[in-house]
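**Student:** Residue numbers (the working numbering): 22 to 1065.
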């Protein structure tokens, strides 16, 4: 391949350079326009953006090649986004967005306009994955949109429905339930219990059948505007951006979707809706929106207790009287129960935890009766709008509209919003199609003038206005009891005809009181049968986010946030979040004694933080498309295991059963003194070149309630009065790690086998002696397997990382370990102090880390001497082969660079040759006006041939290694050649011969720069392990691999 490419480029550069170019290119290892390691192979564990959920290469083609290190400051905004033109773009694949899309295509098809393009973007990997609801649906809107949605004659009918049969309304005290009359709005005759997740998937299928373009996995993150200020469309977020904001190997620019009409159906508190609302001041005539947090579980219960179609609602316990909210329980499907609690986010007590209240509610006899003996199979949480009629904003804006729950059409007393969301989507669709059809301007935006009028004339406006005073009535001095009394008056006597409209007190975050003004609430420890700790519940959501991406929970300054929030509210973020995302961790280096921490991987996209944080400095933004929770009816068990191995900070800590107060703020719990325990990992940092550390004795609890003790002969740490410079293997001190047998069995086949051969020494306790194991590495490995990432040090030495890799290899848990070591590898790669590069190559090889294997092999080839001494000590044939391959790669790269120097020197050398009569050998100090042949000096070009020839000759023989200096050398070479006045442009401005030399030199210079950045300096790990590397070339058919 190299030779044909070389000849083609030579023909482009001009005659006389063919052989030299071919020689340079043939010395180049398998040169091609996409020959970098990142693009030539699919790196395992780092899914390319082009294969991420929802990204289709037929739409997006902007995968960026990773160039050499000189390209690290690349600005991603320099890449122009690809765009697509549609008639209507809908953001959000919930009931409102899908109803609008279906209705638009119905109208277009009826009008004979089959080319009318309707495009729907959904941030979840599949439609429905981010949908959370009870849900008892009032079918009026669905009957209008798809009249045969449940007909027996329809082969595509929606089948998963349970007719509502029995309604119960209860007021709960701690141990009893009192029947109370339900308002007429809560009667469910003719309604159906469904999974809204499944309904969204079904609506998506119906939408695609009639021609709607549905793109799941595309997260719209930016509103685009025209020059006149109207909305032009949306752009999806960039993929493959690292946590530091810089593009990674898999970088792919987002796409722009331009539309004359853009409908936002993002659901409650949409991120784009916030931006549009601010820009067009859509809330200027409405009251602030108020919100509730809904927390839900789905259980499979004992068939003897199942009552199909039973609907139960409750008020009172466990919530205090100053907090609005209530519980529900719906029996549907085959022995399935949906149970949940809604807590109004205008609650005042910062010690209240909605998740803790939900766990308490399940232990009430009303609910416990049904749950005992059952199994919880899924968990979800999501905010919902409770502002009602008073809080509806202006819904139309130039170029688009708000539809569904993003506009706030939930009927709070009914506890229903699906039918109003669907109807609003249908009304917006009719307005949009009418506006687009009647507009003579085929390019500009449209304004949906009649959408607001249609809303006011619809059943949405009527039913929301009728119940407008019920939710605000709970702000009375009597709290819960005053709200119940007034709501009864409104429902049965006033019937929504009151001449007044009650107002909301303000925004939810403003209601939060300082912690010292409120009673602290203590929540009981979960029993693991009916109630669960928060991380166990998060594991049931199937949530997943790539670690190495910008945090989608944006806080400008974590330290400043802690300084503002902690003294007043004492960690309210940790309590209002239903997924354990926010924590305050004890840190003696901070003035407050704690530091603020965000565990974004746990996020279930409920958006409570954006609403409730008192200082309003958390901004929820969409992460990469396709990420987040997977709210199916039940999360498959393989997702839990996948999260255990691949997603930090979630499952194992949940399985450990620790109480909330045990997780924060203390981080190291063992039998040592507290001050010693906090220093447990301090000596694991890269302060010692040989990996030597002090030692400690005792028992360290990886998980406090673990049932296995791993017995080692020493471990890294600090103990008062004892410091040693020897490695831990020199000590006989005993150390034990308390771990979970369940997690060890999942994470390590070797330890699983050891557990099977070991007999417990005491009740529920097993001891496994590991006297020959590396205690330092085992401490790190156990914390990694149990996902105790907060206990891991930010940096470790290269030697210790190597030992950890070898220990993980021994216990066959490379997958979990490699995921956790990426940060350490990255910091060692960028460390200012030099590290043993060959040791890091071997570490990346053992950890199966292809990106860092490529980076460290590139560094070795370009910089380091051959590590003969290390190679002779290592008996592994693969490592010996690797050393030989690195030497071959370095030799070939050196030859290639010398060929590049020849490529640059040739045009200048040819100009200096005696056969070139054009130049005069003008040595310094010459004063004659004519040359030896009598020609005037002003008519020819001046050059010091002798000095120039000497310089170029020295350059050919120069020591041009290490290759990291080569790019700057190119610039110096260009400046130096100009100093020899080749040509002297001042005296020969119009000289075609001189211009030709200049152009040849500059073309070759450009080519050399391209050759340098495209060179495959490092080694592809996949190819090396497959035996496809030989003589500095990757011989794997990468195109076939990529196609597969």
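Heads up, the beta-carbon is just placed ideally off N, CA and C, and yes, glycines get one too.
Under a Cβ-count criterion, where at least 16 other Cβ atoms within 10 Å of its own Cβ denotes burial, should residue 516 be classed as buried or exposed?
**Tutor:** As a working mapping, residue 516 is identified with position 495 in the chain shown. It is exposed - the Cβ of residue 516 has fewer than 16 other Cβ atoms within 10 Å.
**Student:** Tell me which same chain residues have a C-beta within less than 7 Å of the C-beta of residue 385, skipping the five on either side of it?
**Tutor:** As a working note, residue 385 is residue 364 in the chain shown. The residues are 193 and 338.
**Student:** What residues match up with residue 279 in a beta bridge as DSSP calls it?
**Tutor:** As a first step, residue 279 is located in the chain shown; it is residue number 258 there, counting from the start. Per DSSP, 106 and 254.
**Student:** What residue ranges within the segment 376–448 form continuous beta strand (DSSP E) runs of no fewer than 3 residues, ordered along the chain?
**Tutor:** Whole beta strand (DSSP E) segments, 3+ residues: 396–406 and 421–423.
**Student:** How big is the Cα-Cα spacing for residue 570 and residue 883?
**Tutor:** Position 549 of the chain shown, counted from the first residue, corresponds to residue 570. Position 862 of the chain shown, counted from the first residue, corresponds to residue 883. Taking the straight line joining both Cα atoms gives about 29 Å.
**Student:** Grab me the residues of residue 443's own chain with a C-beta within less than 7 Å of its C-beta, minus the 5 sequence neighbours each way, in chain order.
**Tutor:** As a first step, residue 443 must be located in the chain shown, where it is residue number 422. So the list reads 116, 117, 120, 162, 163 and 166, once near-sequence residues are dropped.
**Student:** Report the option in 490, 727 and 721 whose CA atom is closest to the CA atom of residue 757.
**Tutor:** Here residue 757 is taken as the residue at index 736 of the chain shown, counted from 1. When only C-alpha atoms are compared, the closest one is 721.
**Student:** Return the bridge partner residues of residue 317 from the DSSP annotation.
**Tutor:** For the purposes of this step, residue 317 is taken as residue 296 along the chain shown, with counting starting at 1. Partner(s): 361 and 401.
**Student:** Looking at the unbroken alpha helix (DSSP H) that takes in residue 292, where does it start and where does it end?
**Tutor:** Within the chain shown, residue 292 is the residue found at index 271, counting from 1. Run containing residue 292: 292–301, per the alpha helix (DSSP H) assignment.
**Student:** Looking at the structure shown, is residue 1045 part of a helix, part of a strand, or coil, going by DSSP?
**Tutor:** As a position in the chain shown, residue 1045 is number 1024, starting the count at 1. Residue state, collapsed to three classes: helix.
**Student:** Quick one: Cα of residue 602 to Cα of residue 555, how far?
**Tutor:** Indexing the chain shown from 1 puts residue 602 at position 581. Indexing the chain shown from 1 puts residue 555 at position 534. Going from the Cα of residue 602 to the Cα of residue 555 covers about 10 Å.
**Student:** Using a 10 Å radius around the Cβ and a threshold of 16 neighbouring Cβ atoms, would you call residue 328 buried or exposed?
**Tutor:** Within the chain shown, the letter at position 307 stands for residue 328. Flag for residue 328 reads exposed.
**Student:** If contact is defined by three or more beta carbon pairs under 8 Å, each pair taking one atom from either stretch, is the segment 273–285 in contact with the segment 316–331?
**Tutor:** Contact between the segment 316–331 and the segment 273–285 is absent, because fewer than three Cβ pairs lie under 8 Å.
**Student:** Just to confirm, is the Cβ distance from residue 501 to residue 342 under 8 Å?
**Tutor:** Here residue 501 is taken as the residue at index 480 of the chain shown, counted from 1. Here residue 342 is taken as the residue at index 321 of the chain shown, counted from 1. Yes.
**Student:** For residue 882, which beta-bridge partners are listed by DSSP?
**Tutor:** Your numbering for residue 882 matches position 861 in the chain shown. Answer is none; residue 882 lacks a bridge partner.
**Student:** Where does residue 763 sit, in a helix, a strand or coil, going by DSSP?
**Tutor:** What you label residue 763 is simply residue 742 of the chain shown in a count that begins at 1. Reduced to three states, the DSSP call for residue 763 is helix.
**Student:** Taking the straight line between their C-alpha atoms, what separation do you get for residue 78 and residue 259?
**Tutor:** Counting from 1 along the chain shown, the entry for residue 78 is found at position 57. Counting from 1 along the chain shown, the entry for residue 259 is found at position 238. The predicted model places residue 78 with a pLDDT of 29, which falls under 50 and marks its position as unreliable; any figure quoted below should be read in that light. Approximately 15 Å, taken between the alpha carbons.
**Student:** Where in the segment 594–641 do unbroken runs of the alpha helix (DSSP H), each at least 4 residues long, occur, reported from the N-terminal end onward?
**Tutor:** With a minimum length of 4 residues, the continuous alpha helix (DSSP H) runs that stay inside the segment 594–641 are 629–633.
**Student:** On the DSSP bridge assignment, give the partners of residue 720 in chain order.
**Tutor:** Residue mapping note: residue 720 aligns to position 699 of the chain shown, counting from 1. Paired residues: 757.
**Student:** Give a yes or no on contact between the segment 239–247 and the segment 188–206, applying the rule of three or more CB pairs nearer than 8 Å.
**Tutor:** No: fewer than three Cβ pairs fall under 8 Å.
**Student:** Does the beta-carbon distance from residue 639 to residue 627 come in below 8 Å?
**Tutor:** The residue given as residue 639 occupies position 618 in the chain shown. The residue given as residue 627 occupies position 606 in the chain shown. Not in contact: residue 639 and residue 627 (Cβ atoms no closer than 8 Å).
**Student:** Report yes if the C-beta distance between residue 404 and residue 312 is below 8 Å; otherwise report no.
**Tutor:** Taking the first residue of the chain shown as position 1, residue 404 is located at position 383. Taking the first residue of the chain shown as position 1, residue 312 is located at position 291. Against a cut-off of 8 Å, the Cβ pair of residue 312 and residue 404 comes out as a contact.
**Student:** Assuming residue 868 contacts residue 842 under a Cβ cut-off of 8 Å, what Cβ separation, rounded to an integer in Å, is found between them?
**Tutor:** Translated into positions along the chain shown, residue 868 becomes position 847. Translated into positions along the chain shown, residue 842 becomes position 821. Right, their Cβ atoms sit about 6 Å apart.
**Student:** Return helix, strand or coil for residue 786, following the three-state DSSP convention.
**Tutor:** By one-based count along the chain shown, residue 786 stands at place 765. If DSSP states are grouped into helix, strand and coil, residue 786 belongs with the strands.
**Student:** Give me the Cβ distance between residue 542 and residue 353, rounded to the nearest whole Å; I'm assuming they're in contact under 8 Å.
**Tutor:** As a working mapping, residue 542 is identified with position 521 in the chain shown. As a working mapping, residue 353 is identified with position 332 in the chain shown. At roughly 32 Å, the Cβ-Cβ gap does not stay under 8 Å, so residue 542 and residue 353 are not in contact.
**Student:** With 16 as the cutoff for other CB atoms within 10 Å, does residue 1047 come out buried or exposed?
**Tutor:** Numbered from 1 along the chain shown, position 1026 holds the residue referred to as residue 1047. Exposed, by the Cβ-count rule.
**Student:** Would you mind working out which of 363, 457, 391 and 152 sits nearest residue 433, comparing C-alpha positions?
**Tutor:** One-based indexing of the chain shown puts residue 433 at position 412. Comparing Cα-Cα distances from residue 433 to each of 363, 457, 391 and 152, the minimum goes to 363.
**Student:** Are the beta-carbon atoms of residue 255 and residue 243 separated by less than 8 Å?
**Tutor:** Stepping through the chain shown from its first residue, residue 255 is reached at position 234. Stepping through the chain shown from its first residue, residue 243 is reached at position 222. Yes.
**Student:** Taking the alpha-carbon positions, what's the residue 470 to residue 454 distance?
**Tutor:** Mapped onto the chain shown, residue 470 falls at position 449. Mapped onto the chain shown, residue 454 falls at position 433. About 12 Å.
**Student:** What's the gap between the Cα of residue 333 and the Cα of residue 359?
**Tutor:** The residue given as residue 333 occupies position 312 in the chain shown. The residue given as residue 359 occupies position 338 in the chain shown. Whole-angstrom Cα-Cα distance: 10 Å.
**Student:** Go to residue 471, then tell me how far its alpha helix (DSSP H) extends in each direction, as first and last residue.
**Tutor:** Translated into positions along the chain shown, residue 471 becomes position 450. 470–477 is the extent of the alpha helix (DSSP H) around residue 471.
**Student:** So if DSSP puts residue 143 in a beta bridge, which residue, or which two residues, is it bridged to?
**Tutor:** Your numbering for residue 143 matches position 122 in the chain shown. Bridge partners of residue 143: 237.
**Student:** So, are the CB atoms of residue 799 and residue 731 less than 8 Å apart?
**Tutor:** In the chain shown, the residue the question calls residue 799 occupies position 778. In the chain shown, the residue the question calls residue 731 occupies position 710. Yes, Cβ-Cβ distance for residue 799 and residue 731 is below 8 Å.
**Student:** First and last residue of the beta strand (DSSP E) that includes residue 824?
**Tutor:** Taking the chain shown and counting its residues from 1, one reaches residue 824 at position 803. Here residue 824 belongs to no beta strand (DSSP E); instead the alpha helix (DSSP H) covers 819–831.
**Student:** For residue 878, collect the residues of the same chain with a Cβ closer than 7 Å to its Cβ; drop the 5 residues on either side in sequence, then sort them by chain order.
**Tutor:** Reading the chain shown from its first residue, position 857 is the one you call residue 878. Counting only Cβ-Cβ distances below 7 Å, and skipping sequence neighbours, we find 862, 907, 1039 and 1040.
**Student:** Use the C-beta contact count for residue 1045: other C-beta atoms within 10 angstroms, 16 or more gives buried, fewer gives exposed.
**Tutor:** Locating residue 1045 in the chain shown gives position 1024, where the first residue counts as 1. Classification for residue 1045: buried.
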